[in-house]
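The structure appears right after this line, and notes come after that.
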Amino acid sequence: MRLRNIPGAKDAILECDWVIDEPEKFKGEWASVFGEKRPLFLEVGMGKGRFLMDMARLYPEINFIGIEKYSSVLLRAVQKLEEEELPNVRLIRMDAEDLENVFAQGELDRIYLNFSDPWPKDRHAKRRLTSTRFLERYNNILTPEGRVMFKTDNKDLFDFSLEQVEEAGWILENHTYDLHHSEYNEGNVMTEYEEKFSAKGNPICRLVAYRHAK
Ligand code: SAM
Numbered sequence: 565m566r567l568r569n570i571p572g573a574k575d576a577i578l579e580c581d582w583v584i585d586e587p588e589k590f591k592g593e594w595a596s597v598f599g600e601k602r603p604l605f606l607e608v609g610m611g612k613g614r615f616l617m618d619m620a621r622l623y624p625e626i627n628f629i630g631i632e633k634y635s636s637v638l639l640r641a642v643q644k645l646e647e648e649e650l651p652n653v654r655l656i657r658m659d660a661e662d663l664e665n666v667f668a669q670g671e672l673d674r675i676y677l678n679f680s681d682p683w684p685k686d687r688h689a690k691r692r693l694t695s696t697r698f699l700e701r702y703n704n705i706l707t708p709e710g711r712v713m714f715k716t717d718n719k720d721l722f723d724f725s726l727e728q729v730e731e732a733g734w735i736l737e738n739h740t741y742d743l744h745h746s747e748y749n750e751g752n753v754m755t756e757y758e759e760k761f762s763a764k765g766n767p768i769c770r771l772v773a774y775r776h777a778k
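So, in structure tokens, the structure goes:
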């Protein structure tokens, strides 16, 4: 039976071998899930998984994990993986709040934040995935050289993120307010939202940051 014929996103997801159901069990052991120790890259809020799958196809020597909060969205990625198996991809339905329960210190080499929800109200600022609160979480799971790469078309969120990077004591490796017309665009893999917003004429902002090595 094809997944799209199964009613109930949660049940359908559980049937898929590429979705890790109890990810806490693999904390510190993610290489064993892939069967080979390779660099491990994570996308937080991967949506329907287009970026993750394009990256996995381009870089078979890297293991990729995508996390997504909502089953209904994750299901779309599961359906795509059903059609094209990618051995270096795994998916998790989880909230980024719980990352430290799932990944050990230094287990990740890169974290992608692509078109993260803006949470425009000041009182929700802590929920933004580039807030100092989240940067601290990333700090606890990335290698010392590990990078956070953040793309958005939301200038307010981008400015906020630049401030948070500084406040958290991270090093800003580079940033641009117009990725597609910058020197950093070479090798850029577009996400679903990136294509949608850049087609409307919105410039895409991107920053790359890493933490101070302790
Ligand atoms: N990254 C994709 C792209 O660029 O095309 C999707 C962007 S979409 C605007 C943001 C996604 O992040 C949504 O699917 C949302 O459910 C997910 N998300 C938001 N907050 C999250 C969180 N705290 N943990 C996991 N996923 C989250």
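This note's numbering puts the first residue of the sequence shown at 565, with every later residue one more than the last. Built from N, CA and C at the ideal position, the CB exists for glycine as well. The structure presented is a predicted model; accordingly, all values stated were derived computationally and were not measured.
{"query": "Quickly, what does DSSP pair His739 with across the bridge? List them, please.", "result": "Leu771"}
{"query": "Below 8 Å between beta carbons: does that hold for Ile629 and Leu663?", "result": "no"}
{"query": "Helix, strand or coil, according to DSSP, for Lys601 in the structure here?", "result": "coil"}
{"query": "Taking Val608 and Leu693 to be in contact with their CB atoms under 8 Å, please state how far apart those CB atoms are, rounded to whole angstroms.", "result": "6 Å"}
{"query": "Assign Lys764 to one of three DSSP states: helix, strand, or coil.", "result": "coil"}
{"query": "Mapping DSSP to helix, strand and coil, what is Arg692?", "result": "coil"}
{"query": "Counting pairs of Cβ atoms below 8 Å between the segment 638-655 and the segment 576-585, do you hit three or more?", "result": "yes"}
{"query": "Would you say Ile675 and Leu606 are within 8 Å of each other, going by their C-beta atoms?", "result": "yes"}
{"query": "Sort Ser636, Ile631, Val712 and Leu743 by Cα distance to Gln728 and report the nearest one.", "result": "Val712"}
{"query": "Hey, quick one: how far does the beta strand (DSSP E) through Ile675 stretch, first residue to last?", "result": "Leu672 to Asn678"}
{"query": "Considering only DSSP beta bridges, list what Asn718 is partnered with.", "result": "Paired residues: none, contrary to the question."}
{"query": "At the level of alpha carbons, what is the spacing between Asp581 and Ser635?", "result": "15 Å"}
{"query": "Residues in the same chain with beta-carbon distance under 6 Å from Arg775, minus the five sequence neighbours each way, listed in chain order, please.", "result": "Asn703 and Trp734"}
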